[in-house]
Amino acid sequence: MVLAGCHTAQVTDQRAMDIKHRMIVFDAADIDVETAFWAAFLDGTVEEWGDTWRAIWVDGGYALGVQLSPDHVPPEWPDGAPQQMHLDFYLVGIDAVDAAHEQVISLGGRLLKAAEDRAAARGFQVYADPAGHPFCLCWIPEPS
Amino acid sequence: MAIARFPSIVIDCPDPGALATFYGAMLDWKVEVSAGWAEVRADYGHCISFQQVEDYTPPVWPDQKVPQQMHFDVIVDDLDVGEAAVLDLGATKHDHQPGTTFRVFLDPAGHPFCLCVE
Numbered sequence: 001m002v003l004a005g006c007h008t009a010q011v012t013d014q015r016a017m018d019i020k021h022r023m024i025v026f027d028a029a030d031i032d033v034e035t036a037f038w039a040a041f042l043d044g045t046v047e048e049w050g051d052t053w054r055a056i057w058v059d060g061g062y063a064l065g066v067q068l069s070p071d072h073v074p075p076e077w078p079d080g081a082p083q084q085m086h087l088d089f090y091l092v093g094i095d096a097v098d099a100a101h102e103q104v105i106s107l108g109g110r111l112l113k114a115a116e117d118r119a120a121a122r123g124f125q126v127y128a129d130p131a132g133h134p135f136c137l138c139w140i141p142e143p144s
Numbered sequence: 145m146a147i148a149r150f151p152s153i154v155i156d157c158p159d160p161g162a163l164a165t166f167y168g169a170m171l172d173w174k175v176e177v178s179a180g181w182a183e184v185r186a187d188y189g190h191c192i193s194f195q196q197v198e199d200y201t202p203p204v205w206p207d208q209k210v211p212q213q214m215h216f217d218v219i220v221d222d223l224d225v226g227e228a229a230v231l232d233l234g235a236t237k238h239d240h241q242p243g244t245t246f247r248v249f250l251d252p253a254g255h256p257f258c259l260c261v262e
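So the protein lines, in turn, are chains V and C.
With my numbering, the residue at position 104 of the first sequence is 104, and numbering never jumps.
Adding 144 to a residue's 1-based position in the second sequence gives its number in my numbering.
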């Protein structure tokens with residue numbers, strides 16, 4: 001859960017493929033609960049693609065998908081079943097993280113790790129979504 | 145109003161630079177590598193990050209012994225052309241191919257991803 005920095009050691013131009021859209025897809029045993037959480041979190045609209053798939057549309061693009069995985073084993077971060085990947089959300093200032101925290105909890109999210117130093121200029125708190133996928137609410141300073 | 149916007153995904157892996165190079169080439173995004181962390185970033189700001197973890201265990205899909213937890217879908221114009229390109233970058237085609245409108249591959253760290261047609 002390291003905060004992304006600008007410590008550029010190498011910048012490389014790469015060649016292209018014809019990628020039109022990119023979607024991150026969560027596995028979950030209950031796709032409606034999982035989708036409702038993320039649609040509310042992102043203020044998105046839900047598209048139902050059959051019985052096993054949901055897509056969340058935000059600002060003209062697919063923000064997230066949720067795929068039925070009936071035997072889904074939730075991650076147990078930092079030990080246990082691997083998280084494999086997680087989402088970070090950046091907000092300006094810890095007050096914004098505190099406000100988001102209340103909404104996340106009310107939607108069914110769980111706090112996994114509180115901020116280590118609330119006085120720091122940058123930091124993060126770790127949460128789990130209803131299916132157990134970790135995500136972080138990170139705070140950054142006001143842009144100068 | 146949304147609680148937060150612009151999710152930035154962070155992928156666990158043993159070698160962030162290698163995986164960032166793979167996805168940077170696939171998406172034509174710029175690659176930035178630092179100690180234990182790497183990013184690929186689009187001109188329009190989207191970002192995928194890669195985080196080094198100890199004792200990394202690749203997912204085993206589709207069973208749930210070591211769950212994939214989540215995966216990427218990317219849209220291409222032509223599955224055959226896309227397949228050749230990602231194999232050339234170091235992807236592996238998965239033995240299990242449950243659909244006809246998408247194909248499942250593994251990235252160099254073993255994370256499943258799909259090439260899809262609209």
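For every residue, glycine included, the Cβ atom is placed at its ideal position computed from N, Cα and C.
Bear in mind the structure is a predicted one, so any value in this text is a computation, not a measurement.
Cα-Cα separation between residue i and residue j, rounded to whole angstroms
i	j	result
Pro160(C)	Phe37(V)	30 Å
Cys258(C)	Met214(C)	11 Å
Ala169(C)	Asp232(C)	10 Å
Leu223(C)	Ala99(V)	44 Å
Pro206(C)	Ser144(V)	47 Å
Val248(C)	Val204(C)	13 Å
His133(V)	Asp43(V)	19 Å
His7(V)	Trp77(V)	Low confidence applies to His7(V): its pLDDT is 26, below 50, so where it sits in the model is not reliable enough to give any reading.
Glu176(C)	Cys191(C)	11 Å
Per DSSP, cross-strand counterpart(s) of residue i
i	result
Lys113(V)	Val126(V)
Ser69(V)	Note: Ser69(V) sits in no beta bridge, so no partner.
Arg54(V)	Glu48(V) and Val66(V)
Leu137(V)	Phe89(V) and Gln125(V)
Ile192(C)	Ile153(C) and Val184(C)
Thr236(C)	Leu250(C)
Cβ neighbour criterion (16 or more within 10 Å) applied to residue i
i	result
Ala121(V)	exposed
Ser193(C)	buried
Leu111(V)	exposed
Met145(C)	exposed
Lys209(C)	exposed
Close beta carbons around residue i, own chain, < 7 Å, minus the five adjacent residues each side
i	result
Pro252(C)	Ala162, Leu163, Phe166 and Gly234
Ser69(V)	Asp27, Ala28 and Ala29
Close-in-space but distant-in-sequence residues of the same chain around residue i (CB under 8 Å, 5 per side omitted)
i	result
Glu262(C)	Ile219
Trp181(C)	Pro160, Ser193, Phe194, Gln195 and Gln196
Cutoff 6 Å; reference residue i; Cβ partners in own chain excluding five residues on either side
i	result
Leu64(V)	Ile24, Trp38 and Ile56
Trp173(C)	Val184, Arg185 and Ala186
task = Spell out a yes or no on whether the stretch 83-102 of chain V and the stretch 44-61 of chain V are touching, meaning 3 or more CB-CB pairs, one atom from each, closer than 8 Å.
result = no
message = Can you confirm whether the stretch 147-155 of chain C touches the stretch 232-244 of chain C when touching is taken to mean that 3 or more C-beta pairs between the two stretches lie within less than 8 Å?
response = no
ask   = Below 8 Å, can you find three or more Cβ-Cβ pairs linking the stretch 96-106 of chain V to the stretch 57-65 of chain V?
value = no
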